[in-house]
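Keeping their order, the protein sequence lines are chains A and B.
Just so it is clear: in the first sequence, position 500 is 500 by my numbering, and no numbers are missing.
Just so it is clear: in the second sequence, position 415 is 1415 by my numbering, and no numbers are missing.
Cβ coordinates follow ideal geometry from the N, Cα and C atoms, glycine included.
As the structure is a prediction and not an experimental result, all values here were calculated from the model.
Protein chains: 2
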Amino acid sequence: MSTELPSDPEESPPAPRPAPREVWKKGGRLLSVLLAVNVLLLACTLISGGAFNKVAVYDTDVFALLTTMLLLALLWILFYLLGTARCPGGVPYRDAHAGPIWLRGGLVLFGICTLVMDVFKTGYYSSFLECQSAIKILYPLTQAVFVIVQTYFLWVSAKDCVHTHLDLTRCGLMFTLTTNLAIWMAAVVDESLHQAHSHSSSHSNTSHTRLALDLERASSAVGGECSCDTAVCQIFQQGYFYLYPFNIEYSLFASTMLYVMWKNVGRLLASSTHGHSHAPSPLSLFRETFFAGPVLGLMLFVVGLAVFIIYEVQVSGERGRTQQALVIYYSFNIVCLGLMTLVSLSGSVIYRFDRRAMDQHKNPTRTLDVALLMGAALGQYAISYYSIVAVVAGTPRDLLAALNLAHALLMIAQHTFQNVFIIESLHRGPPGAEPHNTAPKEPCHGLTFANLDALHTLPACPPTPRLVGPSPAGPQEASSVIVAPRSHWRRRCLKDISLFLLLCNIILWIMPAFGARPHFSNTVEVDFYGYSLWAAIVNICLPFGIFYRMHAVSSLLEVYVMS
Amino acid sequence: MSTELPSDPEESPPAPRPAPREVWKKGGRLLSVLLAVNVLLLACTLISGGAFNKVAVYDTDVFALLTTMLLLALLWILFYLLGTARCPGGVPYRDAHAGPIWLRGGLVLFGICTLVMDVFKTGYYSSFLECQSAIKILYPLTQAVFVIVQTYFLWVSAKDCVHTHLDLTRCGLMFTLTTNLAIWMAAVVDESLHQAHSHSSSHSNTSHTRLALDLERASSAVGGECSCDTAVCQIFQQGYFYLYPFNIEYSLFASTMLYVMWKNVGRLLASSTHGHSHAPSPLSLFRETFFAGPVLGLMLFVVGLAVFIIYEVQVSGERGRTQQALVIYYSFNIVCLGLMTLVSLSGSVIYRFDRRAMDQHKNPTRTLDVALLMGAALGQYAISYYSIVAVVAGTPRDLLAALNLAHALLMIAQHTFQNVFIIESLHRGPPGAEPHNTAPKEPCHGLTFANLDALHTLPACPPTPRLVGPSPAGPQEASSVIVAPRSHWRRRCLKDISLFLLLCNIILWIMPAFGARPHFSNTVEVDFYGYSLWAAIVNICLPFGIFYRMHAVSSLLEVYVMS
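Encoded structure:
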């Protein structure tokens, strides 16, 4: 949610007299940030107002605003694709770090899920067309068109460093970014209301009935006097709530890519070939690991899926089984988080012996990645600290409280050490960047040879150095054969570590994203803070926690490819 | 509240191979940021938990945590002053931009007020010593010692670029920063409770009595079974609540200075004399204006004070007079904000004709200043947008609603244009940096002469060019006498503008800081959002708004001196 400020004077090359264009860079940035802040605050006001049903802001107002924003952003994207991008000299440079393939791939994947969600939503609202405002059907349709156009736009233009229509492009990018964030906020609010609604229907005998009923009224107000009682309508309704996580991720993915494009507007790159990340051939991807990481990760993934299904089945049953489900859930999470903490720590230890140079080049994508990792972790940190205070100060000291405490503490440790590992990894150069202080300058990268004579007996620059097969080996060659894998051993370990962490992050993403809420099944925090306060804390912080997992997965994929 | 991330690769000089120290800079930063985030979240959890009296966190827990943090920070400061700073080569560079005199002066001023507050607090809690926990008296005493030591430390060391004990210094600075932020949070929460308490006592006939009574119980819980009924105790209690704004500002001032010190740890400066801001002689300070700015500003200041006093007196009376007080308050604010908007705009227009080069040097102080201006403005933006939605969607369309709407719109405009003006000003170089493209390179700065011959007849480099007195003037000299003030006219205007804005910001700071809350006297928003939601919005956002005014004043002072 932090608006980046147009305030870093390091942007400009440290030339004695920068060109006047640099002045305008700042002015344009300031202008577009101000535009974005104002639009975003207006959207935020309306969306949060619409969420409280005591407040006389109707959801049709929110839908109208969002539809208008979508249409305006659509207009600008079309202008960019047809006008700015086709200008001669409009896009002289392309930032090789921006829009990597997994980010664009994820965008397309989530975009498709969002389209399915839009179909479900349209179907749901069409079921009672006669007693609905037309804007409620118009909104998912507009969103579908927007998603298609924006995904194409980002796929094609994510790497662009635009140099024409500077101010217009900055404002357009910021406005599109704001639109995505507004959609994200609306989805988070909608999902929270739905969550509170399902909480109230399962716990309607508790004291929170009043608030829960309020929320129920709010979320069922979409029906007005008509109710959703046909089977098709029910399926549509259930379906679109399950697809919300994808819509949320889509908006965040698009936002990060738009932000990087915004940072790159008017940027001068030394040469367009600078910093091409080396693309490994897909065949060699899995040969470079010890298989321990992926195997262990996959095992945890499968066990985690089973635990998640057991949890979801049992928690909707009676009270005793909820208790049991929570014990299973927490135990699995404690094991998983403990292993991840240890593995991240060992990764950091390996880096202490790594001699690759730190990459100090300017790289807005990486800067943003690091900022997002640190910022998104705050959500889970906050939930954990509130849990710790509740457990330590609260009265019941049973098994569940102990598990909850261990879970919260490990969550903090895991986020911390994983962030340290990922950030350190992202700042390492590619394997070729290892400084050859002692070894002679050789085109064969990534190897330090103990025996210099042995160098010439090796095949010329093997793409992935490995044990040389059955060849006549003298005593000189033997030494190189022994020493070369020792350096390689580190890289393999790092690849194993990143794959293991990646798989663990996926399963830890699936659980909350598809509706596991031990925060509410477990009564410790609800009793300590009261339902409304605790719901506010969880509903604000958990989306960041979920986003953290997604983002960690994409960063770990980058670490895996780069190490 | 944004934790700065250790992610800007622009830090390092663009040398082909930076020294290994640069690697450690990032590691140390990451470590200290993680420490700060964790401590801050723990403090945040306890403080927010303590604020809700349904939650079983007692204020003694909060006081114990804060006292521990104060003592630890104190220990580190003493270690720094006696150890690190005295190391040979420990502080090789000093950042000339950091800790300018007005910031340090403000720190001392607010520090003294905080000390007075601590005396009042100690007196208040001593009044019922027998039925209080000892920690409640220990806390203000520890705070007083901390304020004295920290103020001395920042006065002496604000400009230091430390180069020994790097990691320890970073962690120490971040921990001290966190301590200040925790004190700030505790003060804001305490003040909000007090505000809600006084609201409840003046509006106890409304429907919000339940919540208000809850809050009253919470804030009067400090007394336990003892009550504060002696005259001295009452004075102490009233006094320390009036001094809270100063404590809040002290913590924020100290935080910004600590942050700049943290950014400067391990920084290499080209030379220690680089960037010395030119210090104008105090005598010439006021001669360089047209007096229109300061005079108009002072008039508004005096009128504002009168309006504030009338408002405070009338609003505590019956309902009809509250209405009248609000009309006066809003009218004054609308006039003041309108004038400020126009003046900021004209300042920006003047810059369009200014030919001074933009200063593109790296300057953490300025980067932070800009970020704080933009970030703190968000608080007032948010309040304004919520007001606008309430007024537009709400039912009553009377004079007060119209005034409220105009006030909110002008508030947004004023913050926007003032920020644009200040940010543009801060990025201008000092007057000497004007590029002499057409004029010959002369040591006499800031002047462009139409008649080159006239140059030699002027006295050598006058410190402030002015009309030459009764001296025998030929036709050549006359032209220089006419043209020289034309260039000077812009600088005078800018000085007038900054002084005017400065005085207006002071009066707009005084009003909310000393308790004017039209947000609650005016019933539009309270009725629209409900008391608790609106109180949450205002109590979270208004401290940022108040800080914005303070910060704008210090930035405008810098603009005044530099232009």
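As assigned by DSSP and simplified to three states, the class of residue i
{"i": "residue 1171 of chain B", "result": "helix"}
{"i": "residue 1440 of chain B", "result": "For residue 1440 of chain B, the pLDDT reaches just 37, beneath the cut-off of 50, and the residue's location in the model is therefore unreliable, although a value from the coordinates is still provided. In the structure shown, residue 1440 of chain B sits in coil (DSSP, three-state: anything other than H, G, I, E or B)."}
{"i": "residue 1491 of chain B", "result": "helix"}
{"i": "residue 161 of chain A", "result": "strand"}
{"i": "residue 352 of chain A", "result": "helix"}
{"i": "residue 93 of chain A", "result": "strand"}
{"i": "residue 1267 of chain B", "result": "coil"}
{"i": "residue 319 of chain A", "result": "helix"}
Residue range of the alpha helix (DSSP H) that includes residue i
{"i": "residue 364 of chain A", "result": "364-393"}
{"i": "residue 1118 of chain B", "result": "1101-1126"}
{"i": "residue 1519 of chain B", "result": "1518-1521"}
{"i": "residue 1132 of chain B", "result": "Segment: none, residue 1132 of chain B is in no alpha helix (DSSP H) and carries neither H nor E."}
{"i": "residue 1233 of chain B", "result": "1231-1242"}
{"i": "residue 1560 of chain B", "result": "1531-1562"}
{"i": "residue 1415 of chain B", "result": "1399-1426"}
{"i": "residue 58 of chain A", "result": "Premise fails: residue 58 of chain A is in no alpha helix (DSSP H) and is neither H nor E."}
CB contact below 7 Å: residue i versus chain C
{"i": "residue 1389 of chain B", "result": "Of the chains in the structure shown, none is chain C; the protein chains are A and B."}
Chain B within 7 Å of residue i, Cβ atoms only
{"i": "residue 263 of chain A", "result": "no"}
{"i": "residue 379 of chain A", "result": "no"}
{"i": "residue 68 of chain A", "result": "no"}
{"i": "residue 524 of chain A", "result": "no"}
{"i": "residue 341 of chain A", "result": "no"}
{"i": "residue 560 of chain A", "result": "no"}
{"i": "residue 545 of chain A", "result": "no"}
{"i": "residue 260 of chain A", "result": "no"}
{"i": "residue 45 of chain A", "result": "yes"}
{"i": "residue 189 of chain A", "result": "no"}
{"i": "residue 393 of chain A", "result": "yes"}
{"i": "residue 186 of chain A", "result": "no"}
{"i": "residue 577 of chain A", "result": "The displayed coordinates of chain A run from 1 to 563. Any statement about residue 577 of chain A would go beyond what the structure contains."}
{"i": "residue 538 of chain A", "result": "no"}
{"i": "residue 96 of chain A", "result": "no"}
{"i": "residue 527 of chain A", "result": "no"}
{"i": "residue 385 of chain A", "result": "yes"}
{"i": "residue 254 of chain A", "result": "no"}
Neighbour flag for residue i against chain A, beta carbons, 7 Å
{"i": "residue 1036 of chain B", "result": "no"}
{"i": "residue 1062 of chain B", "result": "no"}
{"i": "residue 1266 of chain B", "result": "no"}
{"i": "residue 1349 of chain B", "result": "no"}
{"i": "residue 1548 of chain B", "result": "no"}
{"i": "residue 1217 of chain B", "result": "Low local confidence applies: a pLDDT of 44 at residue 1217 of chain B is under 50, so the model's placement there is unreliable, and no value is given."}
{"i": "residue 1051 of chain B", "result": "no"}
{"i": "residue 1080 of chain B", "result": "no"}
The stretch 1147-1155 of chain B contacting the stretch 1033-1040 of chain B, beta-carbon criterion three pairs below 8 Å = no
Does the stretch 97-107 of chain A touch the stretch 78-88 of chain A, meaning 3 or more C-beta pairs lie closer than 8 Å?
-> Result no; under three Cβ-Cβ pairs closer than 8 Å.
Three CB pairs or more closer than 8 Å across the stretch 407-425 of chain A and the stretch 341-358 of chain A = Yes: the two stretches touch, three or more of their Cβ pairs being nearer than 8 Å.
Are the stretch 160-172 of chain A and the stretch 105-122 of chain A touching by the rule of at least three beta carbon pairs closer than 8 Å?
-> With the cut-off at 8 Å, the stretch 160-172 of chain A and the stretch 105-122 of chain A do not touch.
Examine the Cβ distances between the stretch 179-191 of chain A and the stretch 245-261 of chain A and report whether three or more of them are shorter than 8 Å.
-> Judged by Cβ distances under 8 Å, the stretch 179-191 of chain A makes contact with the stretch 245-261 of chain A, as three or more pairs qualify.
Within 8 Å of chain B by C-beta, residues of the stretch 397-424 of chain A in sequence order | 412, 416, 419, 420, 423, 424
Inspect the CB distances between the stretch 361-380 of chain A and the stretch 495-509 of chain A and report whether three or more fall short of 8 Å.
-> Contact between the stretch 361-380 of chain A and the stretch 495-509 of chain A is absent, because fewer than three Cβ pairs lie under 8 Å.
Which residues, in order along the stretch 106-132 of chain A, keep a beta-carbon less than 8 Å from a beta-carbon of chain B?
-> none
Is it true that the stretch 1374-1383 of chain B meets the stretch 1403-1415 of chain B, where meeting means three or more beta-carbon pairs spaced less than 8 Å apart?
-> With three or more CB-CB distances shorter than 8 Å, the stretch 1374-1383 of chain B counts as touching the stretch 1403-1415 of chain B.
Determine contact between the stretch 291-308 of chain A and the stretch 508-526 of chain A, defined as no fewer than three beta-carbon pairs at a distance below 8 Å.
-> yes
Would you say the stretch 1517-1533 of chain B touches the stretch 1383-1397 of chain B, given that touching needs at least three Cβ pairs under 8 Å?
-> Per the Cβ contact rule, the stretch 1517-1533 of chain B is in contact with the stretch 1383-1397 of chain B (3 or more Cβ pairs under 8 Å).
According to a CB-to-CB cut-off of less than 8 Å, which residues of the stretch 1153-1185 of chain B neighbour chain A?
-> none
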